[in-house]
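Protein chains in written order, with the working numbering: chain A, 1 to 457; chain B, 1001 to 1457; chain C, 2001 to 2457; chain D, 3001 to 3457. Heads up: the structure comes next, in C-alpha cells.
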C-alpha cells in the first residue's frame, strides 16, 4: 500500500488551530501520532509473542522492522477501510502483513483483538500528550509563582460576587493559581503514570495466547512503559474516566485563571494586560488591545467539559465484552479532550508569561470601595462588643461615606464606637497593610512549596 | 499568499472517518468548506456595500472575483495567523486584499467585524450541511416506512424494560421510527430555513455603514439565502441553540433506532441482520457478523449530546457585545456536532437499507414468553369482573406455565375464570393477531402520512 | 390509605430555595403537583373509557370523584412502594381502587400502562409550569423593553472580548435582551402548546382498548388540553427533547443577560445596581451591595444545561417499547430543569425591575477608552482612501494618546490624514452620538415589535 | 425562631424516591443533614476561635451547645431568608445568635464568611454520604466476588458488539465487575479522606483572625476530621472536581454492570433473573418479571454524568475571590450527584444479591453460535501456517455450518487444514473448556485480591 496522502500531522481544524489547538499537543494526538502508536503496539505484541515462544523470533524482528516506518501506511485509506470492519485495525493488520512480507506476515497481530491495539495505542497517545501538558501546567505554575513573588505585597481588591470586598494581594491571588496548578500536575502525573496496557484477546480471556497471555502482557507493558493491570479493562473503562476526570479538573482550573486575567484586563479595571508584540489587535478597532492568550485559553478550556461528559455519559456504559458504539465514540472524543485542554494550558502559560501588572492601578482600584478593606475588621471588632446587629448597623451607616476619612469621622462620631474603639486602633484596623499580612504568608508558603517540588522533580 | 498545503477537505480524524465521519457532511464542514463560506460572505458584503453606494461597484466586482477562487488561500497559514488576532478573519482579509490588488483591496470587509464574517459563514456551512442531513433523515424515514409496509402484519414481541411484554408488529415498530424521523425532518428543515445572517459591525450597531446598515444586511441575506434578523445576534445565540437542540434531538432518535437494531440483531434474538457484502467481519472471529452500520450510527450519535452541552452550557453566556472565549469555543464544536449527527444519519439509513428481517424468528421469539401476548388481555377482561387483584393473581399463577396451552388449561381450571370467560373468548384473547390490529392501523396511518409528505415535498 | 405525611408542595432543597427555587414553579413541579397530575390523567382516562363504552359511566364518575381529592394519597408511601414495581403508578392505582370502592375500583387504569400515566402527567406538570415561566419571560421582556425606552439614547461603551470597543447605547443593549426574550417566549409557547398526550397501553399498540384506543386518546387529549399525537411516543422522546431544547436555550439567554448585569454592576464599572430594600447585604462586609437577583438568576440558569444533557444524552436512547432506566432517569431531571429555568426567569425579571442605571457613569466609562468610539469610523474612512494598512497604522499611532483631543491633534498632524479628512468631518466622526444612530433605530424597532406582540397577545 | 415545618429528612422527590433515591444517602444529603453540618461547622469555628484566644471560652461553650439541637432551626425559613442575602448562612447566624443568647451571640461566626461555612458543610455532608456509598460499593464487590467464585468455571458466551464472540466464564465476567468496584472504592476512599476544610474569611486571606487564622483552621480541620489545605480553595474548586470525577467514574461502572445484568436478563437470553419476593411485577402484565433493581441502578446512575457536567462546566470557573453564580449552582447539584450515585450503588448491590444465575442457559446460549468458541483458536493456529487470509477464508467457509460437528467436518475436508491440524488437536481447540482456563485464573486472582483487601480493611 502506498499512501495516497500524507497522514495529517495535526488534529483538528487548521483554520481555527491558531486559537484552539496551540501547542504540540495537536501533533501528539494527530492521525500520524495514532498511526505511530498503533504500530508501536503491534511491534511490542510481536516481540512479546516471540519472547513467549508463540511466534518465531525472526518474525518478530521482521514485524518490528516493518512497524518502524509509519510512512508506508496511509491513515486515510485505513480510515476508509474501517467502514467495513467497524475499526481501522483490520486494515492496518492487512497492510502490515504486506509490509512484513510472506514469511513473517502471518504472525502479525497474533492473539490480539482490534480493541487491544486501539486501546493500548490510545494510552500511548495520551501518555505522550500528557507529558506535553504536564510541562505546560508546570510552566503555568512557574509563571504564577513568579508573579506571586514579584507582587508579594501588592495590595489589590479582593472581589466576591464581582464586587470589591476587602483587600488581598496580587501575590496571594497568584499563589492560589500556583497551588491549583501544582495540584493538577500531581493528579495528571499520577494518571499518566498509571495508564495501563490493554491486552485480552477476543473477549478479554487471553484465550488465544496458549496460557502465555500473562507473560505476553507483562512484556508488552514493560516495553511500552505502561502499567500492567490485574485484568483487561476493555469494558471497565476506569482509565478513560480517570483521564477525563483529571483533564476536566485541569480545564476548570485553567478556565478560572484565564477568567481572572480577562476580568482584571477589562478597560475599566486595567490591572493587567498581555504584552506580546503583534498579538491582540482588532480588525476594525486599531486602538484596542485584547488579552488574546487568556481568551484563547478560556475558549480552549470551555470545550473540555462537554467532551468529558461524552466520555462519562456514553462511553462508560460498555456492554458485555465490547461495546456496540460506546467504545467507538471515544476515538475522537478523547484526543479532542486532550487537545483542547493542552491548548488551554499552553495559552495560559503564554498569557501569564506576557502579563504586565499595573500595581498602581491595583492600589487605585482598591480605593474605589472606600474603607471597605478595613470596614470588615471594624465590624468584627465592634460585633463582640456591641452585638453583631448594632455593630453592623453602625458600620453600614458609616460606609455610606465615600472616603476612608469620612468613614473614620462618622464612626468616631458615635459614642458607642468611641467607647470600644480608640482612634489609634481604628486607624490600625483601617490600614490595608494590616489586613494582608496573612495573604503575604500564604503566598510565601505556596511559592516555597512550589520551588521545593520543582527542585525535587 | 501561496498555499503551503491544500485545505483539508474533510473534517475530523481520517483514521476513524470510516466509522465516525460517514457521508459528505464531513466535507461540508471541512476547512475547505469554511474557507468557501468565509469568502462567500466577504463577496456578498462587497456586493451589498456597492449596492448601498458605500464602495465603488468596480471594487465589489474585483472582490467578488477574488473570492471565487478559494485555492489561493491557505487555511493552515490563516489558522496560524489567527493566534495573533484571536481569529482567522484578519488574516483572511489581508490575503484577500492582496488577491484583489491595489485598487479594490481597501474596500474589502468594509463595515463588518470579524464576528460578522465567521458567524455568517457558520450559518452557511451549517445550512449546506443540513441539506445533506435532511436528505439522509428523509432516507431513514423512507427505509423505515418501507420496512413498516413490508412487515405490516408481522407479529413480534413488544419489549418493555428489555423483557417481552405483549405482541406488537415489526410494522408498528418501524412506523414509530418513520414518524420520529419525519418529525425530525420538519424540525431540522425549519431550523435550516431560519438560519440568519449576522451583520452588526464592531458592537452590533451597524455604525460603520453610514445609515445604510439595514440595506446592506437585507441585500446580503438575500444573496446568501439566509434570513435577515430583527437585530444582530452576536451575543444572543439563539440560532446556535436552535441548531444544537434540533441536532441533539435528531441524534437521540438515531441512537434509539440504531439501538433497537443492535438489540434485535443480538445472537440470541436474531430477528434482524445487516446484509452488506464485506461489512461486519471481525479480525479474530471469522464466523462473526456485526451490524456495523447500526453500531457506527450509534457511535456517531453518542458524540452529539456532549457537543450540544458545550454549545448550551458555555457558548450561550456571551458577555456584552462579543464573548471572551465562549464564541471561539463554538468554532470546532458546531462543525463536530453537525458532522457526527450527519454521520449517524447516513449510517442509519445504510443500516435500515441493508436490514434483513427474519419474520419467522420474530414469531418464534414471541412464543418464548408463552401466553404473554394474551395474558394482559385476559387479565384486563377478568379485572373488571373479579377485581384487579384477584384477576392478576389468577393470571399470574397460570402464567407460571411455560406454554400457552398450559396457561389456557390452568386458567380454565378455575371456576372463577370459567364464570366470566368462555373457552372460545379465551382463545380469541390469546390469539396474537387480535392484539395487533391497532398496531397495523397505526403503521398504515404513519406510512400513508409519510408518502403524502414525500409526494408533496 | 392515610397519608403519613403531607405531600411536599415545593420541589428541591428548602434550605437553598431562596436562591435556586424562586417563583411558584417550584410548587408547580412538586410531588403535590405530580400527584395532582397523575390523578387528573387517571380521571380523564376513566371518563374517556366510559365515553367509548369500555367501562360503565357510573364507574367513571366514581373514579373522577375519587381523583379530585389528592389529599387522600401519600406521595411518600407511594414512592416507597415504587421500589417494588419500578414506578409509583401501580401503588397509586391500588390506592385509587380503594378510594373508589368495590364497585368502580376494578375500572381504574383500564387499558393504560404505567408509562401512559406518568408521561401524560409529566406533560401536564410541564405545561402548567411553562405557563408560569412564559409569564416571567414576558416579564423579562417587558422590563428590558422599558429599560430600552428609558435609556434609548444613553451612550455607553460597547464591549467586545471584555474590552471597550466603540459606543453603543444602553437602549440598544436592552433591546437585544428584549428581542432575545421575545423569541424565547415564542419557542416556549410553541413547545407548551404542542405537548402531547401519551396513551399506548403495554407496548404502544392500544391493544387493550378493544379498537377504541384512538377514540379514548382523542377524548383524553381534549379533556387534558394536550395534543393528540399520530403515534404514542413512549420511546420516541421528541417531546422531551423539545422541552429540553427550549429550556436550554432560555437558560442560556437568561444567563447571558444576568451576566451582563453582573459585569456592569462591578465596583469598577458601576453602571447599574439592583435597588431592593434588604437584599444584597454581606454577612461580613456591611458596606457591600451585591446584585443578588442577577447572581441568583445566573446560578439557577447554570444548572440547566447539565440537566438538558442528561435528557438528551441518556434519556433519548430508550430501548424497544419501554426503556430499562433511561425513562426513569427523566423523572427528577425534567422537573429540576423546569424548576431551575423557572427560578432563573423569575430572578432575572426581578433583577431588571430593580435595576438602577447610572447614565452618567456610562458616559464617563465611555471616555476611558479615549477616542475609541470614533477611531473605528476614522479608520474606516481612511482605509478606502489610504489603504487599510496605512490607515490602521496612522490610527493606531494616534490611539496611543489618552484623550480624544490628543488623538484628534495627532491625526491631523499627518498630511496623509489631512489630505483625506477635514477637521470638521473628523469631529463628526469622533462624535459618539454619530455612531449610535443605528443603535437607537434598532432599539426603537425592537420595542415597537415588543409592544405590538404584547398588545396582540 | 420556631420551625414552621420540620426539616425535610430526605432529599429529592418522595414520589420517585423508591426508584431514584434508594439508600440512606438520600437522608445524608437532606436539608436536615445540611443543617446539621452547618451547625457543626459553626460550633467547630467557635471552639477553635476560643482555643486561639479570639473569643471567650464561655462563648464557645454556649455556641457549641446551641448548635447541638438542630430542631430549633427551620430550613424552610432560612431558605426563604436566603433570597435576601444570596445564601442561607446570614439567616442561620442570626437564628443562632438568638439561640445562644445575649452573652455569647456576638461571637457566633467570628472571622468566617458565609462561603467558609457552606463549603465546609458541603465537605462534611459529602464525607458522611461517601461513607455510605463506599459501604455499598464494597457490597457490590462482595456480591460480584461471590458470583465469580460460585460460577468460576461456568462457560458462557463472551459478547462483543452485542454478538456472541468466543467463550468466557460467568466467573470472569463477575471478576471484571469485582475489580472495577474495588478500584472505585480505592478512588472514592482517597477522595473522601482528602476532603478539606474551607476557611479563609471574606476573600481568603484569613484577615479577620488577627494572625491566628492558621491555628484556627488547623483546629477546625482536626475537630471536623477534614484535611487542612495549604490554601483556602474558595474559588479553586479542585475538591469539587475530585468528587465529581470519582462519582462520575463510579456511576459509569455501576451503569455498566447494571446494563450487563439487564442484557443477560432479556427474555431471549434468560441467563440471570432477580429473585426478590414482590419486586418486578407489572401493572398490566402479571406474567412479567422485570429486573427492577438493575433497572433502578441504571436509571439512578444515568443522572450522574449530567450533574458532573454542571460541576465541571459551570462550577469550576469561579471568578476572583467568590463566584457570582457558579458557586451557588453547586448547592443542589452536588447533593443530587451524591444521592443518585448512592442510589445506584445501593440498587446494584441489591440486584447482585438477588441474582439467580441459570448456568444451563448460559451453556445452551453458548451453543447458539456453533463452533464460535473454538473457531478463533483454529483460525489462530492456521494463520501462522497458511497465512492469515487463507486461514480466515477456510474458517469462515466452515463457519457457515450451524453445528460444531459440521464445522469440524468441513474443516477437515480441506487438505490444507489436515496438513497442519490433526483431528485430535482440532477437537482440543474446539473444546470450550480449553479457551476458558485463563478466564478462570483471572477470576481467581481478582477474588483473591478482593478477599485480601477485605480482610485487611
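Backbone N, C-alpha and C define an ideal beta-carbon position, used for all residues, glycine too.
Report task. Starting from residue 1159 of chain B, trace the beta strand (DSSP E) both ways and give me its first and last residue. Result -> Here the beta strand (DSSP E) through residue 1159 of chain B covers 1155-1160.
Query raised in the report: Who are residue 1244 of chain B's beta bridge partners in DSSP?
Result: The beta-bridge partner set that DSSP reports for residue 1244 of chain B is empty.
Report task. Could you tell me whether any Cβ in chain A is nearer than 9 Å to the Cβ of residue 1316 of chain B? Result -> For residue 1316 of chain B, the answer is no, since every Cβ of chain A falls outside 9 Å of its Cβ.
Query raised in the report: Do we get a CB-CB distance below 9 Å when we pair residue 1209 of chain B with the residues of chain A?
Result: No, no contact with chain A.
Query raised in the report: Beta-carbon of residue 155 of chain A versus every beta-carbon of chain E: anything under 9 Å?
Result: No chain E appears in the structure shown, which is made up of the protein chains A, B, C and D.
Report task. Pick helix, strand or coil for residue 3274 of chain D, following the three-state DSSP scheme. Result -> In the structure shown, residue 3274 of chain D sits in a strand (DSSP, three-state: E or B).
Query raised in the report: Quick one: what's got a C-beta closer than 7 Å to residue 2312 of chain C's C-beta in the same chain, skipping five residues either side?
Result: Counting only Cβ-Cβ distances below 7 Å, and skipping sequence neighbours, we find 2241 and 2244.
Query - residue 3126 of chain D, enclosing beta strand (DSSP E) - first and last residue - result: Looking at the DSSP string, residue 3126 of chain D is not in any beta strand (DSSP E); the run it does join, the alpha helix (DSSP H), is 3114-3150.
Query raised in the report: Going by Cα to Cα distance, which pick from C:2232, C:2346 and C:2329 is closest to residue 2458 of chain C?
Result: Absent from the structure is residue 2458 of chain C, since the part of chain C shown begins at 2001 and ends at 2457.
Query raised in the report: Out of curiosity, what's the CA-to-CA distance linking residue 344 of chain A and residue 256 of chain A?
Result: Roughly 11 Å between the two C-alpha positions.
Query raised in the report: For the segment 260-271 of chain A against the segment 2150-2166 of chain C, are there 3 or more C-beta pairs whose distance is under 8 Å?
Result: With the cut-off at 8 Å, the segment 260-271 of chain A and the segment 2150-2166 of chain C touch.
Query - chain B contacts made by the segment 2235-2269 of chain C, where a contact means CB separation under 8 Å - result: Listed in sequence order: 2235, 2236, 2237, 2238, 2241, 2242, 2244, 2245, 2246, 2248, 2249, 2251, 2252, 2253, 2255, 2256, 2259, 2260 and 2263.
Query - Cutoff 9 Å: residue 1362 of chain B Cβ touching any chain D Cβ - result: Not one chain D Cβ lies under 9 Å of residue 1362 of chain B.
Query raised in the report: In terms of residues, what are the limits of the beta strand (DSSP E) holding residue 1355 of chain B?
Result: Residue 1355 of chain B: member of the beta strand (DSSP E) spanning 1355-1357, first to last residue.
Query raised in the report: Taking the C-alpha atoms as reference points, what is the distance between residue 2147 of chain C and residue 1113 of chain B?
Result: So the two alpha carbons sit approximately 27 Å from each other.
Query raised in the report: What residues of chain C sit near residue 1436 of chain B, judged by a beta carbon separation below 8 Å?
Result: Ordered by position in chain C, the residues that pass the 8 Å Cβ test against residue 1436 of chain B are 2205 and 2207.
Requested in this report: Could you spell out where the alpha helix (DSSP H) holding residue 3409 of chain D opens and where it closes?
Outcome: It spans 3404-3412 - the alpha helix (DSSP H) in which residue 3409 of chain D sits, taken as one unbroken run.
Requested in this report: Starting from the beta carbon of residue 3161 of chain D, find every residue of chain B whose beta carbon is closer than 7 Å, and list them in chain order.
Outcome: For residue 3161 of chain D, the neighbours in chain B by C-beta distance under 7 Å run, in chain order, 1290 and 1295.
Requested in this report: Mind listing the chain B neighbours of residue 2406 of chain C? Cutoff is C-beta to C-beta under 9 Å, in chain order.
Outcome: Residues of chain B passing the Cβ test: none, with the nearest at roughly 22 Å.
Requested in this report: With a threshold of 16 other CB atoms inside 10 Å of the CB of residue 424 of chain A, please say whether the residue is buried or exposed.
Outcome: By the Cβ-count criterion, residue 424 of chain A is exposed, with fewer than 16 other Cβ atoms from all chains shown falling within 10 Å of its own Cβ.
**Report entry** Closer than 9 Å to chain B by CB, residue 2063 of chain C
**Finding:** Output row for residue 2063 of chain C: interface = no.
Report task. Please list the partners that residue 333 of chain A has in chain B, where partner means a Cβ-to-Cβ separation under 8 Å. Result -> When 8 Å is used as the limit between beta carbons, residue 333 of chain A is near these residues of chain B: 1303 and 1306, in chain order.
Query - Rounded separation between residue 2409 of chain C and residue 1201 of chain B - CA only - result: Each residue's Cα considered, the two are about 26 Å apart.
**Report entry** Which residues DSSP lists as bridging residue 2163 of chain C, in chain order
**Finding:** Residue pairing of residue 2163 of chain C in beta bridges, as defined by DSSP: C:2160.
Query raised in the report: Which residues, taken in chain order from the segment 3163-3176 of chain D, show a beta carbon closer than 9 Å to some beta carbon of chain B?
Result: Cβ contacts with chain B come from 3163, 3164, 3165 and 3166.
Requested in this report: Answer yes or no: does any C-beta atom of chain C fall closer than 9 Å to that of residue 309 of chain A?
Outcome: Yes, residue 309 of chain A lies at the interface with chain C (some Cβ there is under 9 Å from its Cβ).
Requested in this report: Starting from the N-terminal side, write out each stretch of the beta strand (DSSP E) that is 3 residues or longer and does not extend beyond the segment 32-90 of chain A.
Outcome: Listed in chain order, the beta strand (DSSP E) elements of length 3 or more contained wholly in the segment 32-90 of chain A amount to none.
Query raised in the report: Using a beta-carbon distance below 9 Å, is residue 82 of chain A in contact with chain B?
Result: Among the CB atoms of chain B, one or more fall inside 9 Å of the CB of residue 82 of chain A.
Requested in this report: Would you kindly check if the distance between the Cβ of residue 1029 of chain B and the Cβ of residue 1357 of chain B is under 9 Å?
Outcome: Cβ atoms of residue 1357 of chain B and residue 1029 of chain B: not closer than 9 Å.
Query raised in the report: Buried or exposed: where does residue 154 of chain A fall if 16 or more other Cβ atoms within 10 Å of its Cβ makes it buried?
Result: Residue 154 of chain A is buried by the Cβ-count criterion.
**Report entry** Rounded separation between residue 1277 of chain B and residue 1439 of chain B - CA only
**Finding:** So the two alpha carbons sit approximately 33 Å from each other.
Query raised in the report: Is the CB of residue 2368 of chain C under 9 Å away from at least one CB in chain A?
Result: Taking Cβ atoms only, chain A reaches closer than 9 Å to residue 2368 of chain C, which makes this a yes.
Requested in this report: Please state whether DSSP places residue 1303 of chain B in a helix, a strand or coil.
Outcome: Reduced to three states, the DSSP call for residue 1303 of chain B is coil.
Query raised in the report: Which one of B:1068, B:1086 and B:1009 has the shortest CA to CA distance from residue 17 of chain A?
Result: In terms of Cα proximity to residue 17 of chain A, the closest of B:1068, B:1086 and B:1009 is B:1086.
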